[in-house]
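A.B. asks: Pasting a structure below so you can have a look.
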Amino acid sequence: MELNGAEILVDCLQKEGVDHVFGYPGGAVLHIYDAIEAQDKITHVLVRHEQGAAHGADGYARANGKPGVVLVTSGPGITNAVTGIATAHMDSIPMVVISGQVPSPLIGMDAFQEVDATGITRSCVKHNFLVRDIKDIATTVKKAFHIATTGRPGPVVIDIPKDITIAKMEQEEYPESIEIRSYKPTTKPSNRQIRKAAELITKSKKPILYAGGGCVIGNASEELREFTRMLGFPITQTLMGLGAYPMTDKQSLGMLGMHGTYEANMAMHGSDCVVAIGARFDDRITGNLAKFCPTAKFIHIDIDPSQISKNVVADIPIVGQTAQVLQALIAELKDKDLSDISKWWSQIEEWRKVDSLAYKKSPGVIKPQSVIEALYEVTEGKAIVTSDVGQHQMWAAQYYLFDEPRQWINSGGLGTMGFGLPAAMGAKLAMPEKDIACVTGEGSIQMMLQELSTMLQYATPVKIINLNNGYLGMVRQWQEFFYEKRYAMSYMDALPDFIKLAESYGHLGIKVDKEEDLKPALIEAFKQKDRTVFLDIITDPSENVFPMIPAGGAHCDMLLAGRDEMVSKDETDFNAV
Amino acid sequence: MRHIISVILEDEAGALSRVSGLFTQRGFNIESLTVAQTTDPTLSRMTIVSSGSERVLEQIVKQLNKLIEVVKVTDLTSQDHVERELMLAKISSTSKEGVDLKELVEIFGCKVVDVKDKIYTIEVSGKTKKINAFLDAIEPSNIIEISRTGVTGISRGKKLI
């Protein structure tokens, strides 16, 4: 049968098992939209801004592990999506973005809505393609999904000129698999490295497991649990790894890094053997590299060789899929004797007693931490929580104890404000039976507000937990600490009435400004199974995120709430971000 | 330290910009970069001269390998290899210290390939050091224009990239 390029493309997407496409039409993709309209296997979600499409597909992918698919037009369509693509890239999220391009003869002529899509996205994708021939559509789509979902996942952009979507050809078989000679990610670890790692692990007297997003994205949660329990080692998780190991478990020390717990950071600082599993020693984790883990040897497990010895030199590098590496380590260590680490545990228990996440309640104001605690209680710790970026993100990470992978969805690497709401929508479409909470702030939510409209159209009920303190809180916190309380542009005047706003979009709005109303409001919101509820919660504007390692500090230089409130300017490393 | 990195990559539009983009994006330094087709018309071979510490070099090699179109990456510096660079230089008449240009051409084993308007075009090939030495031997004001290819290299004997 003769099909046009657009029909072939949509057919390929169907054969890839795509069920949702997040997109926005425009001139260059009209033929593709025509082909989408003619079928019913794929649901197209019409977002209100292309950034929302990319975040929506991203949230979908993070929630169920399938690649997210985005469809945008040329020019502003793809440039608007770039922030979302870069967000997915930094967090290794599988995504395929199809962008329309001006017709081939017009490329390079500064045509209407022309932009060099492959050029613009090059540094924030795993790979990108410009399709130059209708015959290449099927193999390109196959390659794109293969690259996006294997090895270290990431976004792949396919730029298709309009004339290619109009041209016709006899339909060919969609390839079942594809070989790319220049792309063969290592998945299975080297036995030699496994033996070396096992030896170091058995000798360690102060071990710590440091699990990152690679355990979630690599679906290694089960193996991680078995490995951790078998060894009886303490485990700390990065912002991206939360839930890979249950945070309520006694071996869990919680999150590490800039706003990590005292016990996690002190254990890293004192450890003699750090086992990094799908984590990349990001600057928010390590703080000052020169003072990072001064006594530790490092075993670094990652599927991406370029992550190993990038920031911290690994003593034993292991390249491979986190799940496969952990299986190999479990097999290798099964009957081996471990060192006695009871002293190490009692030291850790001492650190735990500091209770670094304790906070003072004050009458008359709602503490943001207590909102997350109440959310945890009301949802029985079972909701999927998405977040935006800032203080609320840290509080959600600290106080909602995630027990399952893919339960916590946030922009960790790029730190994209505006991510939370469309990601919640995508997560709801991926996991319709789950309760979804979007923890946000009055700053972040305003960056992607328009998606409230999409959420009504596609009936994706989520609960928006807006921690409204009137400030860009994280900016304000840094200004308080490091800029002598000069609050430049961190106060937001003229906020909208979020209740009326939610209502105007057809949702339910509830304002909460008294502590005693908090829990009942949350209960009421989650009772509304079929509606998106916007909870505008007025919280203490002066609250800061603690503990905190000031930029450029070491793990042992942590500031604790109540103990240290301020840092002198001279001690701050302004070169650190 | 200076390193010569050989890269075999798919001969596809955009592959070169991916490599050069990678170097700017990550702040790696490029002294020279040459690229041309191999005996397999679907593959190109690129030679990059870069400098940096061992850690930076390790990252360069790993990041290059990570590019989807890159088939193979080798640091030639770490093995027995031959390296060459070619320069075309337009020189007007005499050299420094009165040494005759023709004599100089003989000493350096290079060739005069053209002469027009009393300007000689000389082809010099060899290691970068030799080319630099040739230029040093000529009065700077007599060097009208030069064009260098950048280094290309290959390993010796049976060892392939």
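First to last, the sequence lines map onto chains A and B.
Counting from 1, one number per residue, gives the positions in the first sequence under my numbering.
Counting from 1001, one number per residue, gives the positions in the second sequence under my numbering.
Here a beta-carbon is modelled for each residue, glycine too, at the ideal position from N, C-alpha and C.
(1) With distances taken between CB atoms, is the gap from B:G1153 to B:V1082 smaller than 8 Å?
(2) Taking Cβ positions only, does B:G1014 come closer than 8 Å to chain A?
(3) Would DSSP call A:Y483 helix, strand or coil?
(4) With the cut-off set at 8 Å, would you say A:I303 and A:G214 are in Cβ contact?
(5) Quick check on DSSP: helix, strand or coil for A:A81?
(6) State the DSSP-derived secondary structure class of A:N466, mapped to helix, strand or coil.
(7) Could you spell out the range, first to last residue, of the alpha helix (DSSP H) harbouring A:L421?
(8) Can you list, in chain order, the residues of its chain whose CB lies under 7 Å from that of A:K41, leaving out five sequence neighbours each side?
(9) Any beta-carbon of chain B closer than 8 Å to the one on A:S182?
(10) Determine the extent of the alpha helix (DSSP H) in which A:Y262 is found, giving its start and end residues.
(11) With H, G and I counted as helix, E and B as strand and the rest as coil, what does DSSP make of A:S568?
(12) Quick one: is A:Q321 buried, meaning 16 or more other Cβ sit within 10 Å of its Cβ, or exposed?
(13) Between the Cα of A:I178 and the Cα atoms of A:R192, A:A144 and A:Q193, which residue gives the shortest distance?
(14) How would you label A:M417, buried or exposed, when you count the other beta carbons within 10 angstroms and need 16 or more for buried?
(15) Against chain B, does A:H127 count as a neighbour if the rule is that its beta carbon must be under 8 Å from one of theirs?
(16) Cβ of A:K168 less than 8 Å from any chain B Cβ?
(17) Return the residue from the list A:I384, A:G441, A:K206 and A:K291 that minimises the CA-CA distance to A:D340.
(18) Answer yes or no: does any C-beta atom of chain A fall closer than 8 Å to that of B:G1052?
(19) From the DSSP output, in three-state form, read off A:L256 for me.
(20) Find the residues of chain A that neighbour B:S1017, judging by a C-beta separation of less than 8 Å, and give them in chain order.
(21) Determine the burial state of A:M1: buried for a count of at least 16 other Cβ atoms within 10 Å of its Cβ, exposed for fewer.
(22) Excluding the five sequence neighbours on either side, which residues of its own chain have a C-beta within less than 6 Å of the C-beta of A:L338, listed in chain order?
(23) Measuring CB to CB, does A:I464 end up less than 8 Å from A:F402?
(24) Please confirm whether A:G470 and A:G390 have their CB atoms less than 8 Å apart.
(25) Does any CB atom of chain A fall closer than 8 Å to the CB of B:R1055?
(26) Nearest to A:D19 by CA position, among A:I523, A:G426, A:R48 and A:M109, is which residue?
(27) Give the DSSP-derived three-state secondary structure of B:N1065 in the structure shown.
(28) Given a cut-off of 8 Å on the beta-carbon distance, is the pair A:Y359 and A:Y376 in contact?
(29) To which residues of the same chain is B:R1018 closer than 6 Å at the C-beta, ignoring the five residues directly before and after it?
(30) With respect to the alpha helix (DSSP H) encompassing A:Y505, which residues constitute its N-terminal and C-terminal limits?
(31) On the DSSP bridge list, what partners appear for A:L130?
(32) Can you name the residues of chain A whose CB is closer than 7 Å to the CB of B:V1073?
(33) Just to confirm the assignment: which complete beta strand (DSSP E) runs, minimum length 3, are found wholly within the region 520-550 of chain A?
(34) Are at least three pairs of beta-carbons, each pair with one atom in the region 65-78 of chain A and one in the region 22-31 of chain A, less than 8 Å apart?
(35) Is the beta carbon of B:S1155 less than 8 Å from the beta carbon of B:D1080?
C.D. replies: Quick answer:
(1) yes
(2) yes
(3) coil
(4) yes
(5) helix
(6) strand
(7) G420 to A430
(8) Q14
(9) yes
(10) Y262 to G270
(11) Residue confidence for A:S568 is low, a pLDDT of 49 falling below 50, so the modelled location carries little weight and cannot support an answer.
(12) buried
(13) A:A144
(14) buried
(15) yes
(16) no
(17) A:K206
(18) no
(19) coil
(20) G119 and R122
(21) exposed
(22) T202
(23) no
(24) no
(25) yes
(26) A:G426
(27) helix
(28) no
(29) L1067
(30) A:Y505 -> no alpha helix (DSSP H), and no H or E assigned at all.
(31) A:D159
(32) In chain order: nothing, as chain A lies at least about 11 Å away.
(33) 533-538
(34) yes
(35) yes
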